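Engineer: Residue numbering for the sequence shown follows the UniProt record's numbering, beginning at 1 and increasing consecutively. Got a structure here, written out as structure tokens. Questions coming.
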Amino acid sequence: MEPEAKKARLETDAITKPTFRVDNQYDDISCDSTPVTKETDNIEVSSSNSQTEEVKFVKETDVGILCYINDLPGCHGVIKQRYSDFIVNEVDVNGKVVELTNTEVDKILNKISEEKVQDEEEESFKLPEDVMKTLLALSSTSETEPAFIHMENMDDKELRTKYHQTIKSKFPGLDSSTVTQDDKKVIKVVKKANTKMKNRWKNEWPAGRGNYCQFILYKENRDTMSAINDMARFLSVNRNLFQYAGTKDKRAKTSQEITVYRMFAERLEELNTRMKYMHFGNYRYVNEPLRLGKCQGNKFTIVLRNITGDDETLDKSMMSLKEKGFINYFGMQRFGTTSIPTHHIGRAVLKNDYEEAVNLILKPRPGETGRIVECRQCWERNKDPDEALIGLPNQNAIEKTILKELKSNKHNFCNAFQKIARNTKLMYLHAYQSYLWNSVTSQRIKQHGLQPVIGDLVLTEEIQELQEGEDSENKDIRIVHPIVLDDKNVSQYSILDVVLPLPGHDVTYPPNEVRKWYESLLAEDGLTLDSFKHKIK
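Structure, rendered in structure tokens:
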């Protein structure tokens with residue numbers, strides 16, 4: 001499970017994240033001999049016009065994962081032989097493990113909302129009885145002629161606002177506006193266009209109900225974005241209405257919380273009978289959407305098969321894991337499941353090379369089947385979005401979105417990239433940050449071991465509580481001011497307290513080699529720390 005200090009945090013759309021955790025302080029670490037520089041293993045230069053290396057087989061060493069917490073002999077095994085071998089349960093901001101326990105809409109859910117609406121209506125501003133009769137008649141007739149309502153004190157802007165709010169609340173099928181008639185302000189009320197909706201789900205959202213339906217998504221052998229794209233398609237809504245705290249593995253059984261803007265829980269409940277690999281439940285209405293990083297982490301239940309090695313070594317390894325923990329690197333899923341690592345795309349975006357970013361997203365990759373293969377080959381061959389789009393299914397949402405925009409503006413790669421979902425764009429940048437963090441973490445461990453040293457940063461308990469609390473006015477911005485270890489306080493802390501920053505434009509770096517390590521890695525990619533002032537919209 002990722003600790004709180006290792007979760008993405010956004011600050012005014014820039015990327016910042018204080019991080020670094022090892023689950024105990026021990027000196028018997030072992031590191032790969034690969035130097036901490038940009039990826040070198042199993043990389044070949046692509047024969048296409050792209051100037052970015054293509055990783056045939058992405059390995060741990062390619063993404064900065066170089067060190068072990070002990071020097072015990074390794075063993076071999078198979079992970080994710082079956083997707084049921086890898087179970088992931090999100091852990092929410094309150095530390096509760098997310099589990100799907102109920103797939104039906106609780107009748108109490110709607111009753112609570114109805115009672116809340118009724119209470120608010122009783123407390124709301126009341127319109128005169130004759131006005132109520134006029135509005136009731138207008139809302140129940142098929143006539144389209146407007147009604148003009150004369151009210152007292154119409155020069156009072158605050159009072160006019162109350163009139164309009166009350167009309168909107170009590171008569172959701174009507175629209176009101178202030179107009180001038182005979183030099184006097186009056187309220188003009190008209191019926192909304194298309195009042196008869198195609199189905200009952202498109203009625204006005206109930207007043208007093210939270211704007212977001214929060215639910216648990218249980219999925220099998222599907223990544224989060226693919227699952228959301230499928231939900232959006234079945235519900236005939238835009239996928240951007242959905243929000244989540246983080247993406248979960250594809251080859252796994254996973255449970256996580258999702259929020260969706262103004263979606264009736266009953267609509268989601270109906271999907272349970274239509275989608276075999278996903279289930280939904282534990283519905284509730286909330287006022288705020290989820291954001292990336294708005295969880296404490298994940299709980300993993302993992303099956304390893306075909307383990308090799310003698311019992312003594314395996315026992316020692318398990319005891320080490322239990323007592324000493326492990327170096328909490330960003331795992332391989334952070335960097336994608338194809339031969340095109342997501343951090344390469346993030347690197348191109350930070351360099352404002354949107355043509356490169358688009359080409360990487362559309363680049364052919366082994367292991368795929370279906371129309372997407374022809375689409376990628378077509379794009380690499382002649383860069384023709386019209387031809388590449390032919391027959392491309394909706395499930396390839398990212399590629400389809402980019403190609404449709406390029407069809408309208410063939411050379412505007414920036415616009416094409418900006419059209420994809422915001423969380424997807426952030427994912428690419430987070431991946432590049434994670435690669436840098438992994439690399440610097442390995443260098444820190446190789447240089448100083450698993451003991452705190454002068455110049456390290458630690459978080460105080462007060463700051464950690466502020467990070468994890470929900471009382472902040474802006475819950476998505478978490479400003480952290482860590483303290484620097486010196487010769488007077490270094491003995492008071494363990495490696496458990498040490499944090500390393502994820503690189504960003506407004507980040508506190510340790511007053512030692514760490515900043516230089518980041519700068520060196522960035523320089524190899526033609527970037528600087530100021531590059532993280534990049535805005536994602």
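By construction, the Cβ of each residue, glycine as well, lies at the ideal position given by its N, Cα and C atoms. In this text, all values refer to a predicted model and were calculated from it rather than measured experimentally.
(1) To the nearest angstrom, how far is it from the Cα of Leu-429 to the Cα of Lys-351?
(2) DSSP three-state call for Leu-403: helix, strand or coil?
(3) Restricting to Cα atoms, I'd like to know which of Ile-216, Ala-137 and Val-186 is closest to Thr-101.
(4) Less than 8 Å between C-beta atoms, sequence neighbours within five positions excluded: which residues of the same chain meet that for Ile-258?
(5) Cβ of Ile-372 within 8 Å of Cβ of Glu-355?
(6) Give a yes or no on whether the C-beta atoms belonging to Ile-454 and Val-490 are separated by under 8 Å.
(7) Any idea what DSSP makes of Pro-501, helix, strand or coil?
(8) Near Thr-134, which residues of its chain fall below 6 Å by C-beta distance, leaving aside the five closest residues on each side in sequence?
(9) Taking the alpha-carbon positions, what's the Leu-389 to His-344 distance?
(10) Around the Cβ of Lys-276, are there at least 16 other Cβ atoms within 10 angstroms (buried) or fewer (exposed)?
(11) In terms of alpha-carbon separation, which member of Glu-323, Ser-442, Trp-379 and Cys-378 lies closest to residue 592?
(12) Looking at Thr-178 and Lys-219, is the spacing between their C-beta atoms short of 8 Å?
(13) Which residues mark the beginning and the end of the beta strand (DSSP E) in which His-279 is found?
(14) What residue range is occupied by the uninterrupted alpha helix (DSSP H) comprising residue 574?
(15) Alpha carbon to alpha carbon, how far is Pro-511 from Leu-496? Give it in angstroms, no decimals.
(16) Count the other C-beta atoms from every protein chain shown that fall within 10 angstroms of the C-beta of Pro-366, then say buried if there are 16 or more, exposed otherwise.
(17) With DSSP collapsed to three states, give me the class of Thr-254.
(18) Under the rule that 16 or more other beta-carbon atoms within 10 Å means buried, what is Glu-368, buried or exposed?
(19) Compare the C-alpha of Phe-300 against each of Glu-90, Asp-183, Ile-483 and Tyr-493 and name the closest.
(20) Considering only C-alpha positions, which residue in the set Ile-149, Asp-525 and Leu-457 is nearest to Val-514?
(21) Between Asp-525 and Gln-433, what straight-line distance do the alpha-carbon atoms span, to the nearest angstrom?
(22) What is the rounded straight-line gap between the Cα of Leu-426 and the Cα of Asp-530?
(23) Do we get a CB-CB distance below 8 Å when we pair Lys-219 with the residues of chain D?
(24) Count the other CB atoms, across all protein chains shown, that sit within 10 Å of the CB of Lys-78; report buried if there are 16 or more and exposed otherwise.
(25) Are Tyr-435 and Val-63 touching if we call contact CB-CB under 8 Å?
(26) Find the nearest neighbour of Asn-328 within the set Val-190, Lys-363 and Trp-437, judged by alpha-carbon distance.
(27) Within the region 138 to 170, note down every full beta strand (DSSP E) run reaching 3 residues or more, in order along the chain.
(28) Three or more C-beta pairs under 8 Å: does that hold for the region 181 to 195 against the region 149 to 159?
(29) Starting from Gln-214 and walking both ways along the beta strand (DSSP E), at which residues does that stretch end?
(30) Do you know how far the Cα of Glu-323 is from the Cα of Asn-272?
(31) Between Pro-385 and Met-225, what straight-line distance do the alpha-carbon atoms span, to the nearest angstrom?
(32) Kindly identify the DSSP beta-bridge partner or partners of Gly-297.
(33) What's the gap between the Cα of Phe-532 and the Cα of Val-349?
(34) Please check the pair Ala-421 and Arg-239, which I expect to be a contact at CB under 8 Å, by giving their CB distance rounded to whole angstroms.
(35) Alpha carbon to alpha carbon, what distance is there between Leu-450 and Lys-38?
(36) Measuring only the C-alpha atoms, how far is Val-98 from Gln-256?
Structural biologist: Judging by the given coordinates:
(1) 11 Å
(2) helix
(3) Ile-216
(4) Gln-214, Phe-215, Ile-216, Leu-217, Ile-228, Phe-242, Gln-243, Tyr-244 and Leu-290
(5) no
(6) yes
(7) strand
(8) Ala-147
(9) 24 Å
(10) exposed
(11) The requested residue 592 is not part of the displayed model; the chain covers only 1 to 537.
(12) no
(13) 278 to 286
(14) A query on residue 574 cannot be resolved here, the shown segment of the chain reaching from 1 to 537 and no further.
(15) 19 Å
(16) exposed
(17) strand
(18) exposed
(19) Glu-90
(20) Leu-457
(21) 13 Å
(22) 17 Å
(23) Absent from the structure is chain D; it holds one protein chain and no more.
(24) At residue 78 the sequence reads Val, which differs from the Lys that was named. Classification of Val-78: exposed, given that the 10 Å Cβ count is below 16.
(25) yes
(26) Trp-437
(27) 147 to 149
(28) yes
(29) 212 to 220
(30) 42 Å
(31) 23 Å
(32) Val-91
(33) 10 Å
(34) 6 Å
(35) Confidence is the limiting factor: at Lys-38 the pLDDT is only 44, short of 50, which leaves the residue's position unreliable, though a coordinate-based value still follows. When rounded, the distance between both Cα atoms is 24 Å.
(36) 6 Å
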